[in-house]
Amino acid sequence: MIPLSWYMALAAILFSIGTYGFLVRRNIIIMFLCMELMLNAVNINLVAMSHYLDSLAGHNFVFFIITVAAAEAAIGLGLVIVLFRNKKTIYVDHINELKG
Amino acid sequence: MNMPLSLSAFIPVLPEIFLVCMAIILVVVDFSYPRNREMLGQFTLYSGLGVILFLFCQKPGIAFGSMFIVDSYSVFFKMICLFGMIMTILLSVQYLKVEQIRQGEYFSLMAFSVVGMMIMASAADLIVVYLGLELMALSIYCLVGLLKDDARANEASIKYFLMGGFSSAVLLFGITLLYGMTGTTDMAGIASYCSQNAILSNPALMVGAILVLCGFFFKIGAAPFHFWSPDIYQGSPTSITAFMSVAPKAAGFAVIGRFLLMAFPESHGQWGSLLVVIALLSMAVGNILAISQTNVKRMLAYSSIAHAGYALLGILSGTSEGYSSTMNYLLIYGFMNMGAFGVVILLCSKESRRESLEDYKGLAKTNPMAAFLMLIFMFSLTGIPPTAGFIGKFYLLKAALVAGYTLPVIIAVIFSAISAYFYLRLVRYMYMDDPREDFVAHYSPGLTTALVISAAGVIGIGIIPGSLLDWAARSLVGF
């Protein structure tokens, strides 16, 4: 049987890749995908722990996270579309009107 | 687990259920009776007042297997959030006309976000905290971006969305670590597991707790998680900025307080020193960067970062005096900040938004009443007696001092003195410079009511602070 620490390591690596991508990439869609990657790392962690701890709370939580992530995706993509209509760009470097 | 489902189990969540129903009705009415759109604001206002009345009579209770707790602590924070919503609605009526925002979804989203905050205030389980937080955050992302044709609002909403999503992913990762170490997401369960198994110094548990706290610090806009707030405050519609600076912040503090006290009561030494760093950093960043701002909304954003730092002083002391002084301060901050944003909205007209500091020059000559109100709110934000801001700060500093944090209190006082520079600079502009244009502000009934309530609150609490302090102290009994 695969030990729990392997799953946790996988989740930590996926989470780090997501964080790295979020911080480095400038395309909003890619940043958004990196955020989803982070959330899925969290889901892997929860499901693995839930299995090893023999408690259902982690499984429940995963369903909630998936649902919220779907809602977040709908809102996020909506915001990107509105932004694109106005500014014709989806690169965060190009949206810099607010600063000081 | 076999839980019998009875209607009485829903009594503690009735206010939230009522508000959700109301938010749905708002969308339906807006969609099917577009002619009655003018009434929606009043409808939301009266429903908010109804929920406040309901909360006053509500008995403490527990719902959903102790995931959702109604106690006087949560009721106090719910009151602050509802107060924020009601004041924002009063401020909005005129502003919505100026900016031509469609009304139905505006009020409905605001009600949904308040439901999220109320859930956060009552949550005793990390799953419920997360759900409340996301309901609040998702609604506010939309509210920020409601001005679809305004490039600055687009930018603010997309930035808020990216930062908020990132912070909730970090928060979730922290929650999974806590869950993995203790086998439960229940806050009291985490505490009892930690004390039974003596794992408080376990590095994974500590990392988990710190990541969760980072997520919460983001929501209250404390440094070094503040970088989003100036841009978002400046870019969003001013009424939403006012709302964001009061209500979500209160909900964030409610969660931080409950999380630290319920899940980690024994490691106060560790989180106390972590909060000292965050609090002092917030005051430093907020007060020093606010000096160089030329936009009023941006200046108030930095000021709100600094005020988050002050309010953390009460939580970090870990005593019941500290908690009640933080609760007090958040309510007082609600009064003064709503008032200050009310004046900003008052000056906003179709031709110009008048958000720059230059626009305030000579305001005392053209609009003496607006200038006088702004003077009161600026004095209160600085913390000059006899305004409420002084009372709030006094009790926060006293609580931290009694708990033994002498050096942080001294530094906080120094930063408070620095903050006088940029608050009083605005007063100097209003009273000692010549006006640049002949602009006479239009006072609508809603806006006047909001300004009167804020001014009365700021001065009333400043002169007779006793009853509010008693209320906050009583709210902590049995927590």
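In order, the protein sequence lines correspond to chains S and H.
Note that the working numbering gives residue 11 to position 11 of the first sequence, counting from 1, and the numbers run on in steps of one.
Note that the working numbering gives residue 1038 to position 38 of the second sequence, counting from 1, and the numbers run on in steps of one.
All residues carry an ideal CB built from backbone N, CA and C; glycine is no exception.
Quick caveat: nothing in here was measured; it's all calculated off a predicted structure.
Taking only beta-carbon positions, decide if residue i is within less than 8 Å of chain S.
i: Gly-1132 (chain H); result: no
i: Ala-1472 (chain H); result: no
i: Lys-1148 (chain H); result: yes
i: Ile-1288 (chain H); result: no
i: Met-1242 (chain H); result: At residue 1242 (chain H) the sequence reads Ala, which differs from the Met that was named. Closer than 8 Å: no.
i: Asn-1154 (chain H); result: yes
i: Gly-1165 (chain H); result: yes
i: Tyr-1360 (chain H); result: no
i: Ala-1371 (chain H); result: no
i: Gly-1145 (chain H); result: yes
i: Leu-1138 (chain H); result: yes
i: Ser-1113 (chain H); result: no
i: Cys-1057 (chain H); result: no
i: Tyr-1141 (chain H); result: yes
i: Ile-1127 (chain H); result: yes
i: Phe-1335 (chain H); result: no
i: Ile-1158 (chain H); result: yes
Please work out which residues of its chain come closer than 6 Å, Cβ to Cβ, to residue i, disregarding the five sequence neighbours upstream and downstream, and give them in chain order.
i: Leu-1109 (chain H); result: Ser-1139, Cys-1142, Leu-1143
i: Met-1001 (chain H); result: A caution first: Met-1001 (chain H) carries a pLDDT of 48, below 50, which makes its placement in the model unreliable, though a value can still be read off. Correct list: empty, nothing qualifies.
i: Ile-1052 (chain H); result: Leu-1082
i: Asp-1433 (chain H); result: Lys-1361, Gly-1362
i: Lys-1249 (chain H); result: Ile-1220
i: Ala-1371 (chain H); result: Leu-1363, Ala-1364, Met-1430
i: Glu-1321 (chain H); result: Ala-1399
Enumerate in chain order the residues of its own chain whose CB-to-CB distance from residue i is below 7 Å, with the five nearest sequence positions on each side excluded.
i: Phe-22 (chain S); result: Met-31, Cys-34, Met-35
i: Lys-1365 (chain H); result: Pro-1435
i: Ser-1239 (chain H); result: Thr-1088, Leu-1091, Ser-1092, Tyr-1095, Ile-1345
i: Ala-1390 (chain H); result: A small fix is needed here, since residue 1390 (chain H) is Phe in this sequence, not Ala. Here the set comprises Gly-1383, Ile-1384, Gly-1462.
Would you verify that the beta carbon of residue i is, or is not, closer than 8 Å to some beta carbon of chain H?
i: Leu-33 (chain S); result: no
i: Ala-9 (chain S); result: no
i: Met-38 (chain S); result: yes
i: Asn-45 (chain S); result: yes
i: Lys-88 (chain S); result: no
i: Gly-21 (chain S); result: no
i: Leu-98 (chain S); result: yes
i: Ile-2 (chain S); result: no
i: Val-42 (chain S); result: yes
i: Ile-95 (chain S); result: yes
i: Ile-29 (chain S); result: no
i: Leu-77 (chain S); result: no
i: Leu-53 (chain S); result: yes
i: Leu-83 (chain S); result: yes
i: Val-80 (chain S); result: yes
State buried or exposed for residue i, treating a residue as buried only when at least 16 other CB atoms are found within 10 Å of its CB.
i: Ser-1352 (chain H); result: exposed
i: Asp-93 (chain S); result: exposed
i: Ala-9 (chain S); result: exposed
i: Val-1483 (chain H); result: As displayed, chain H neither begins before 1001 nor continues past 1479, which places residue 1483 (chain H) out of reach and without an answer.
i: Trp-1271 (chain H); result: buried
i: Val-1285 (chain H); result: buried
i: Tyr-1323 (chain H); result: buried
i: Lys-88 (chain S); result: exposed
i: Pro-1368 (chain H); result: exposed
i: Asn-1197 (chain H); result: exposed
i: Arg-1474 (chain H); result: exposed
i: Gln-1103 (chain H); result: buried
i: Arg-1035 (chain H); result: exposed
i: Met-38 (chain S); result: buried
i: Ala-1204 (chain H); result: exposed
Residues in the same chain with beta-carbon distance under 8 Å from residue i, minus the five sequence neighbours each way, listed in chain order, please.
i: Tyr-1423 (chain H); result: Ser-1303, Met-1378, Phe-1379, Leu-1381, Thr-1382
i: Tyr-1106 (chain H); result: Ser-1092, Leu-1096, Leu-1143, Leu-1146
i: Val-80 (chain S); result: Ile-28, Ile-29, Phe-32, Ile-90
i: Ile-1418 (chain H); result: Asn-1287, Ile-1288, Ile-1291
i: Ala-1191 (chain H); result: Met-1262, Ala-1263, Phe-1264, Pro-1265, Glu-1266
So, under 8 Å CB-CB, residue i and residue j are touching, yes? Tell me the CB distance rounded to an integer number of Å.
i: Glu-1155 (chain H); j: Leu-98 (chain S); result: 6 Å
i: Glu-1355 (chain H); j: Arg-1436 (chain H); result: Their Cβ separation, rounded to whole angstroms, is 14 Å, which puts Glu-1355 (chain H) and Arg-1436 (chain H) out of contact at 8 Å.
i: Leu-14 (chain S); j: Ala-41 (chain S); result: 4 Å
i: Met-1136 (chain H); j: Trp-1228 (chain H); result: Incorrect: roughly 15 Å between the Cβ atoms, too far for contact.
i: Gly-1180 (chain H); j: Lys-1219 (chain H); result: That belief does not hold up - the Cβ atoms of Gly-1180 (chain H) and Lys-1219 (chain H) are roughly 24 Å apart, past 8 Å.
i: Thr-1185 (chain H); j: Phe-61 (chain S); result: 7 Å
i: Thr-1387 (chain H); j: Ile-1459 (chain H); result: 7 Å
Under a CB-based cut-off of 8 Å, is residue i close to chain A?
i: Ser-1092 (chain H); result: The structure shown contains no chain A; the protein chains it does contain are S and H.
Worksheet item: When you check each C-beta in the stretch 1215-1239 of chain H against every C-beta of chain S, which residues fall closer than 9 Å?
Response: Cβ contacts with chain S: Pro-1230, Asp-1231, Ile-1232, Gln-1234, Gly-1235.
**Prompt:** At a Cβ cut of 8 Å, what residues of the stretch 59-73 of chain S count as close to chain H, listed as they run along the chain?
**Reply:** Listed in sequence order: Asn-60, Phe-61, Phe-64, Ile-65, Val-68, Ala-71, Glu-72.
Item to complete: Pull out every residue of the stretch 1173-1207 of chain H whose Cβ sits closer than 7 Å to any Cβ of chain S, in chain order.
Response: The residues in question are Phe-1173, Thr-1176, Tyr-1179, Gly-1180, Gly-1183, Thr-1184, Thr-1185.
| Going along the chain, which residues of the stretch 1416-1439 of chain H sit with their C-beta nearer than 8 Å to a C-beta in chain S? | Taking 8 Å as the upper bound on Cβ-Cβ separation, chain S lies near no residue of the stretch 1416-1439 of chain H.
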